[in-house]
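K.L.:
Top to bottom, those sequences are chains A and B. So for the first sequence, the working numbering puts the first residue at 166; every next one is plus one. So for the second sequence, the working numbering puts the first residue at 166; every next one is plus one. From the three backbone atoms N, C-alpha and C, an ideal C-beta is built for every residue, glycine too. Just so it is clear, the structure is predicted and the values come from calculations on it, not from any experiment. Let me give you the structure first, and then I'll get to my questions.
Protein chains: 2
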Amino acid sequence: MYEKTIEPVAIMHTGFGEKFGIPRQSGLVPEAAGQIIFEPKYRNPDALRGIEEFTHLWIIWGFSENRVEKFTPLVTPPRLGGREKRGVFATRSPFRPNGMGLSSVRLDKVEYKSSKGPIIHVSGVDMLDGTPIYDIKPYLAYADSHPKASDGFAAEHRWDTVHVIWRDEALKSCMDEDTRITVEHILAQDPRAAYNKTKDYIYGMRYGRFDIRFVADSHAGTIEIVDVVECVDGYHKVK
Amino acid sequence: MYEKTIEPVAIMHTGFGEKFGIPRQSGLVPEAAGQIIFEPKYRNPDALRGIEEFTHLWIIWGFSENRVEKFTPLVTPPRLGGREKRGVFATRSPFRPNGMGLSSVRLDKVEYKSSKGPIIHVSGVDMLDGTPIYDIKPYLAYADSHPKASDGFAAEHRWDTVHVIWRDEALKSCMDEDTRITVEHILAQDPRAAYNKTKDYIYGMRYGRFDIRFVADSHAGTIEIVDVVECVDGYHKVK
């Protein structure tokens with residue numbers, strides 16, 4: 166009963182070409198940009214009439230890379246260091262029935278003169294490049310904002326951001342200033358899994374056309390970007 | 166591509182047996198209660214472990230009574246008096262692709278000792294009785310609350326509540342105090358369509374087991390409840 170088939174109305178395009186590095190919730194990296202490109206059937210500027218009255222939007226989307234074959238009631242939130250389990254409905258885990266994600270993003274502008282129909286430019290995204298979008302709704306502060314709501318287990322580690330340092334060589338990359346700030350804020354969230362914080366390991370993260378290498382010092386609370394390589398002909402990690 | 170089939174994880178039970186009277190957004194009538202009863206496959210207390218750490222939940226649900234056969238990019242928000250059109254993605258209209266609703270509700274308690282598996286008691290609902298629920302997520306104030314977000318066209322009529330009066334006869338009904346308060350707050354939102362505010366018309370609204378009759382005086386800004394009938398053997402409107 167009530168089983169139904171849904172289809173994407175749009176696809177979200179972001180700089181996140183892989184799961185590693187994606188902010189754990191929307192809004193955590195305000196600069197992280199996304200472009201919502203509608204599917205041909207929905208490429209109609211009328212469908213967006215008045216949307217610029219709003220500063221924020223809700224996106225209902227699909228976790229396209231996390232397929233759940235069988236219902237598993239318990240998950241392991243990264244916040245809890247991979248040590249404790251919580252019920253899937255008490256978390257935002259991607260491993261959930263129906264695989265649906267929910268994000269509030271900032272609406273920056275709508276671009277109308279594109280061959281791909283109207284494009285909504287947003288920021289504060291936490292979605293993989295190519296994520297299917299099933300619905301877009303205006304954010305209504307009077308109904309959706311509950312500043313005093315509890316953050317549950319997420320409250321504990323809320324401010325655990327780290328200090329990001331650029332090694333001189335990394336700074337010499339041809340990364341533009343906006344991307345540099347975005348990458349810095351992504352890394353400040355410490356994208357490493359709580360159970361995998363090896364001191365001298367060189368981590369690699371992709372953002373947009375860039376392959377970013379970094380080392381972390383958990384004790385000092387720092388992440389140092391050691392190398393940045395631009396991938397002109399598609400993406401390939403530095404060795 | 167990315168078309169997918171989703172199935173309800175639970176069904177929302179509310180006092181709203183018909184569309185008329187349902188608050189226009191979640192939270193507008195804080196007392197309006199709902200019980201989330203899981204589908205047999207998902208009746209597992211583990212799936213809720215830790216959920217009581219949160220004060221609010223997100224519900225992703227389906228507009229079960231509004232089927233959209235063909236994509237219509239423009240809708241007529243009730244707020245705008247049925248006079249102006251807006252793009253469907255600039256509204257919370259039920260007539261939308263994929264027919265998905267989004268509500269934030271208050272989490273009151275979880276009832277574990279039920280023959281129907283764990284039941285989540287919530288309030289501030291804006292859903293029809295029997296609404297299919299596709300996902301439940303904790304509300305995270307740090308990520309979801311944007312108190313300064315704009316309300317767009319919804320801002321204009323934000324405070325248009327009316328004064329509710331009980332006629333003596335109506336007060337004599339066997340409605341309990343909690344239900345009475347809830348009904349009063351539902352009517353204070355003025356459930357009438359903006360384009361259908363006839364002065365001497367007797368409107369009927371169902372809430373729970375009750376059939377509530379009221380008249381409205383738009384000039385005075387009042388709604389008067391003239392009659393309440395309890396429907397013991399199922400619902401039937403008074404003549």
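(1) Alpha carbon to alpha carbon, how far is F236/A from V403/B? Give it in angstroms, no decimals.
(2) Within 7 Å (strictly less), CB to CB, does I171/A reach chain B?
(3) Can you give the Cα-Cα distance for K313/B and R208/A, rounded to whole angstroms?
(4) Counting only beta-carbon atoms, is F185/B nearer than 7 Å to chain A?
(5) Quick one: what's got a C-beta closer than 6 Å to F181/A's C-beta in the same chain, skipping five residues either side?
(6) With distance defined between alpha-carbon atoms, name the residue in V393/A, H384/A and L272/A nearest to D316/B.
(7) Using only the alpha-carbon positions, how far apart do L352/B and I377/B sit?
(8) Does the separation of the CB atoms of I285/B and I201/B fall below 7 Å?
(9) Can you tell me which of F254/B, I224/B, W223/B and S191/B puts its alpha carbon nearest to the alpha carbon of D211/A?
(10) Would you say A308/A lies against chain B (beta-carbon separation less than 7 Å)?
(11) Once the 5 residues before and after S258/B are set aside, which same chain residues still bring their CB inside 7 Å of it?
(12) Please go through the same chain and pick out, in chain order, the residues whose beta-carbon is closer than 6 Å to the beta-carbon of V194/A, but skip the five residues on each side of it.
(13) Please report whether the beta-carbon of V174/A lies at a distance below 7 Å from any beta-carbon of chain B.
(14) Quick one: complete beta strand (DSSP E) runs, 3+ long, within the stretch 276 to 333 of chain A?
(15) Based on DSSP bridge pairs, tell me the residues matched to V394/A.
(16) Please classify A212/A: does DSSP put it in a helix, a strand, or coil?
(17) Name the chain B residues whose beta carbon is nearer than 7 Å to that of M265/A?
(18) What does the Cβ neighbour count give for A358/B, buried or exposed, with the cut at 16 atoms within 10 Å?
(19) At 8 Å on the CB atoms, spell out the chain B contacts of S229/A, in chain order.
(20) Could you check whether P262/B and V174/A sit closer than 7 Å to each other, using their CB atoms as the reference points?
(21) Please confirm whether P312/B has its beta-carbon closer than 7 Å to some beta-carbon of chain A.
(22) Do you know offhand how far S269/B's Cα is from H221/B's?
(23) My guess is that D300/B and I225/B are in contact by the Cβ rule of under 8 Å, so how many angstroms apart are they, rounded?
(24) Thinking C-beta only, is C396/B closer than 7 Å to R374/B?
(25) Give, in chain order, every residue of the stretch 228 to 258 of chain B whose Cβ lies closer than 8 Å to some Cβ of chain A.
(26) Listed from N- to C-terminal order along the chain, which residues in the stretch 267 to 285 of chain A have their beta-carbon within a distance smaller than 8 Å of any beta-carbon of chain B?
(27) Can you tell me whether D325/A is buried or exposed? The criterion is at least 16 other CB atoms within 10 Å of its CB, across all chains shown.
(28) When the distance is taken between beta carbons, is G227/B closer than 7 Å to P297/B?
(29) Mind reading off the beta-carbon distance from E249/B to R332/B? Whole number of angstroms is fine, and I expect it under 8 Å.
(30) Could you check where the beta strand (DSSP E) with I202/B kicks off and where it finishes?
(31) For R251/A, is the classification buried or exposed, using 16 other Cβ atoms within 10 angstroms of its Cβ as the cut-off for buried?
(32) At the level of alpha carbons, what is the spacing between V275/A and Y167/B?
(33) Please list the partners that A198/B has in chain A, where partner means a Cβ-to-Cβ separation under 9 Å.
(34) Expressed to the nearest angstrom, what Euclidean distance is found between the alpha-carbon atoms of I346/B and G264/A?
(35) Nearest to A385/A by alpha carbon, out of T363/A, E334/A and V327/A?
(36) With a threshold of 7 Å between beta carbons, is D376/A in contact with chain B?
P.N.:
Short version:
(1) Note that V403/B scores a pLDDT of 49, beneath 50, so its modelled location is shaky; the value from the coordinates is reported in the next line. Computed Cα separation, rounded: 46 Å.
(2) Residue contact with chain B for I171/A: present (Cβ-Cβ distance below 7 Å to some residue of chain B).
(3) Rounded to the nearest angstrom, the two C-alpha atoms are 30 Å apart.
(4) With 7 Å as the cut-off, F185/B does not count as an interface residue toward chain A.
(5) Within the same chain, Cβ atoms closer than 6 Å to the Cβ of F181/A are found at I187, L293 and D294, the five residues on either side in sequence being excluded.
(6) Looking at V393/A, H384/A and L272/A, the one whose alpha-carbon comes closest to that of D316/B is L272/A.
(7) Spanning the two alpha carbons is a distance of roughly 10 Å.
(8) With respect to I201/B, I285/B sits close: the two C-beta atoms are nearer than 7 Å.
(9) The shortest C-alpha to C-alpha distance from D211/A to any of F254/B, I224/B, W223/B and S191/B is the one to F254/B.
(10) So yes, A308/A belongs to the interface.
(11) Counting only residues of its own chain and dropping the five nearest sequence neighbours on each side, S258/B has a CB closer than 7 Å to the CB of V240 and P242.
(12) These residues qualify, in order along the chain: P188, H350 and I351.
(13) Interface residue (Cβ-Cβ distance to chain B less than 7 Å): V174/A is classified as such.
(14) Correct list: 284 to 288, 296 to 303 and 328 to 331.
(15) In the DSSP output, where bridge partners are listed per residue, V394/A has D376/A.
(16) A212/A: helix per DSSP, three-state reduction.
(17) Result: I225, Y299 and D300.
(18) Exposed is the call here.
(19) Going along chain B in sequence order, the residues near S229/A (Cβ under 8 Å) are Y167.
(20) Yes, the pair counts as a contact, with Cβ atoms nearer than the cut-off.
(21) At a cut-off of 7 Å between C-beta atoms, P312/B counts as an interface residue with respect to chain A.
(22) Approximately 7 Å between the Cα atoms of the pair.
(23) Correct: roughly 4 Å between the Cβ atoms.
(24) Yes; because the gap between Cβ atoms is below 7 Å, this pair is in contact.
(25) So the list reads S229, F236, P238, L239, K250, R251, G252, V253, F254, A255, T256 and R257, given in the order they occur along the chain.
(26) Across the stretch 267 to 285 of chain A, CB contacts with chain B closer than 8 Å involve L267 and S269, in sequence order along the chain.
(27) In the assembly as shown, D325/A is an exposed residue. Its beta-carbon has fewer than 16 other beta-carbons within 10 Å.
(28) Result yes, Cβ atoms of P297/B and G227/B sit closer than 7 Å.
(29) Rounded, the Cβ-Cβ distance is 36 Å, inconsistent with contact.
(30) Boundaries of the beta strand (DSSP E) around I202/B: A198 to F203.
(31) Note on R251/A: 16 or more other CB atoms within 10 angstroms of its CB, so buried under the neighbour-count rule.
(32) Approximately 24 Å between the Cα atoms of the pair.
(33) The premise fails here: A198/B is roughly 18 Å from chain A at the closest Cβ pair, so nothing lies under 9 Å.
(34) Those two C-alpha atoms are separated by around 38 Å.
(35) If we check each option's Cα against that of A385/A, V327/A comes out closest.
(36) Output row for D376/A: interface = no.
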